[in-house]
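In the numbering used here, the protein residues as written are 157 to 379.
Quick reminder that beta carbons are idealized off the backbone N, C-alpha and C, glycines included.
What follows is a set of notes on a single structure, which appears directly below.
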C-alpha cells in the first residue's frame with residue numbers, strides 16, 4: 157500500500173510528455189477542434205494572440221505560446237549572417253572624361269562633346285574665332301538631330317553651324333573640308349535668296365542665311 161502511494165506521489169510530480177500530432181483530427185480539447193501545426197503540435201483558438209491561435213500546454217517547447225511567435229531560445233540561437241547586413245555594392249558610375257584645360261580650355265562637356273558658345277557675329281567671323289582657339293577647334297557641325305539639338309541648347313537659340321556653299325553654289329561643305337551629309341532643311345530651304353551661302357540652325361532644322369548676319373555660334377573642340 158505504501159509503495160502504491162509513493163508511485164502515485166511521484167506520478168503527480170512528473171511533467172506529462174509533449175503530445176505530437178500528425179493531423180487535425182488528433183487535436184481535440186474539451187470538444188474544441190484544434191489545428192495540427194506544421195511543427196507537429198496542436199494549437200487552439202485564442203483571440204489574445206496576433207495569429208488567433210495558441211499552442212496547447214502539452215506542446216513541448218511551444219507549450220502555451222502563440223502560434224507565430226519566436227521563442228527567446230530561438231532568437232538566441234539565430235546567428236546573424238554578416239552578409240545579410242553588408243552594404244550592397246553599387247555599380248560604380250562611369251567616369252565622365254574631365255575637361256582638360258590644356259586641350260579644350262573653357263569648353264563644356266555635354267553628351268560626349270566639348271562645346272563653347274560665342275557671342276553674335278557673322279558666319280565668317282565665327283568660323284575664324286573658333287579656328288583661332290587653342291586645340292582642334294572648329295565651328296560646330298551637327299552629324300545628327302541629337303547633336304543639332306545640343307548645339308541649339310548650348311546656344312540658347314538658333315546658331316551658325318559649320319556648313320556653307322560659298323565655294324560652289326548648292327555644294328554644301330563643312331568647315332572641315334568634307335561634303336555635308338546631314339542637312340535637315342526647313343521647308344522651302346535652301347532658298348539661296350540674295351546669296352545666302354551660310355547655314356544656321358532653325359529649331360530642329362537648318363536654313364540658309366546671309367553670311368554677314370550676326371548670330372550666336374557654338375565651337376566644338378576634339379581632344
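| Check | Outcome |
| --- | --- |
| Backbone secondary structure at residue 232 - three-state DSSP | For residue 232, the predicted model reports a pLDDT of 49, less than 50, meaning its position is unreliable and no value from the coordinates is stated. |
| Separation of residue 196 from residue 184, as counted between CA atoms | 14 Å |
| Collapsed DSSP secondary structure at residue 377 in the structure displayed | strand |
| Any 3 or more C-beta pairs closer than 8 Å across the segment 274–294 and the segment 369–378 | yes |
| Outcome for residue 381 when other beta-carbon atoms lying within 10 angstroms are tallied against a minimum of 16 | There is simply no residue 381 to check, as the chain begins at 157 and stops at 379 in what is shown. |
| Cβ separation of residue 328 and residue 336, assumed to be a contact under 8 Å, to the nearest whole Å | 4 Å |
| Distance CB(residue 301)-CB(residue 340) smaller than 8 Å | yes |
| C-beta atoms of residue 294 and residue 332 nearer than 8 Å | yes |
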